[in-house]
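Here my numbering is used: the first residue of the sequence shown is -18, the next is one more, and so on. The beta-carbon is built from N, C-alpha and C at its ideal position, and this holds for glycine as well.
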Amino acid sequence: MEELISFLGYAVFFYLIMRFSCGAHMVHGSHHRGKSKTTIDPVCGMEVSREKGFSKMFHGKEYRFCSRNCLLKFDDSPEKFLNSDGEAS
Ligand SMILES: [Zn+2]
């Protein structure tokens, strides 16, 4: 019985380690996604530096636009520029 308990203890321990490392990896991955510090303007497809352009929060996600014109187009009908995953299409 004692062996079973220690086995379960190890199982839970490894489960937590896996879960933790997986979560950390996901955070790590999304943080460095895209290699450079640019995002894609969903309207015209241009790369926009995080320090430049116009940003807008939409459904909890930040989108960046190269110009005010693109931002206004997006604002007008966001669903036109995004697929069902909320990614730039
Ligand atoms: Zn643009």
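Check, Outcome
"Phe(-6), buried or exposed, once every other Cβ within 10 Å from all chains shown has been counted against 16", "exposed"
"Selected residue, minimal CA-CA separation from Gly26, among Lys42, Lys18, Gly34 and Phe46", "Phe46"
"Where the alpha helix (DSSP H) through Arg49 begins and ends", "Arg49 to Asp57"
"Beta-carbon proximity check, Asp22 vs Gly34, cutoff 9 Å", "yes"
"Cβ-heavy atom distance, Asp22 to ligand 1, below 8 Å", "yes"
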